[in-house]
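To start, the structure itself, in structure tokens.
In UniProt numbering, the protein residues as written are 1 to 320.
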């Protein structure tokens, strides 16, 4: 028996006319008649009484009709469930300091496997602010939080329904050119940066106003140096390019995520801790719990991110 036959049976029972039922089903009358006759033969009972006045149900037909409708409701529910489990869009927001960290390769990998899945990737000063309870379009946030504390932005939204998953431990410090005057230092005090150019990423004001450790570092840096020593550029990648060309400058960067830069891997750029800022930070992943349980592809994406961060940490164990 096919589900389609139950639809034929219910439609004819309600229409009480072969012609009308065939029109509603967009099939010919002979095809409808033949399908229902085969169904009657399969279950061993007659379902309809056929007379000049029209079509009526037999006693067996009256008993089977509500059961057939129930089966069709179950079937429609199964189809809807399958539709709900199909995820079309995921929005990913990453902290500005983590631009290009983990996600570009992961997104390309997922696009190759799931061509219908649209992953929107955006870097912002406060990715947690974009978390949403809309499970039809779930949000993943890659954020930076003070170690040992629940992220303040997470607290502000109540934390309900979200999972906060620590991926990496790190800290903020200076990234300098190997040929620059700061390259030989083991650590650097903010006061010592006054005579050097500060290459800074976009959205400085938003990052300064953001609660948390990064804003403290930024605010103190901004207060320490004069404005003519600050060079603000369009993107994080432009900041790194500028640092490689001009050894006199420096960048405030998050370690170990800064190891993703080719210049750090080659030794052209060097990470140096800041004196007086020993407090560590966590790079954390936030996601909506209900969406995580509902969509298998989202669970796979989260696992891929955690696996990638573990591999990254294993490759860059030199400091932590």
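Think of the CB as a built atom: it goes at the ideal place given N, C-alpha and C, for glycine as much as any other residue.
CB-CB under 6 Å to residue 122, same chain, minus the five flanking residues each way: which ones, in chain order? 93
Please state if the CB of residue 273 and the CB of residue 180 are separated by a distance shorter than 7 Å. no
Residues in its own chain within less than 8 Å of residue 287 by CB, not counting five upstream and five downstream? 138, 139, 140, 141, 162, 163, 165, 298, 302
Considering Cα atoms alone, identify which of 252, 253, 197, 255 is closest to residue 228. 197
Using the C-alpha atoms, what's the distance from residue 21 back to residue 11? 6 Å
If you draw a straight line from the C-alpha of residue 17 to the C-alpha of residue 130, how long is it? 56 Å
Provide the residue span of the alpha helix (DSSP H) that contains residue 180, from first to last. Run containing residue 180: none; DSSP gives neither H nor E here.
Quick one: any contact between the stretch 247 to 259 and the stretch 42 to 57, if contact means 3 or more CB pairs under 8 Å? no
Starting from residue 95, trace the beta strand (DSSP E) both ways and give me its first and last residue. 89 to 95
What's the C-alpha gap between residue 316 and residue 188? 22 Å
Run through the DSSP bridge pairs and tell me what residue 272 is partnered with. 174
What did DSSP end up calling residue 306 once you bin it into helix, strand or coil? helix
Could you please give the first and the last residue of the uninterrupted beta strand (DSSP E) stretch that includes residue 56? 54 to 57
DSSP three-state assignment for residue 287, whether helix, strand or coil: strand
Quick one: is residue 99 buried, meaning 16 or more other Cβ sit within 10 Å of its Cβ, or exposed? buried
Give me, in chain order, the residues of the same chain whose beta-carbon lies closer than 7 Å to that of residue 107; leave out the 5 immediate sequence neighbours on both sides. 119, 121
How is the alpha helix (DSSP H) around residue 124 delimited, first residue to last? Residue 124 -> not in any alpha helix (DSSP H); beta strand (DSSP E) instead, spanning 118 to 124.
Among all the DSSP beta bridges, which residues are the ones paired with residue 37? In the DSSP output, where bridge partners are listed per residue, residue 37 has none listed.
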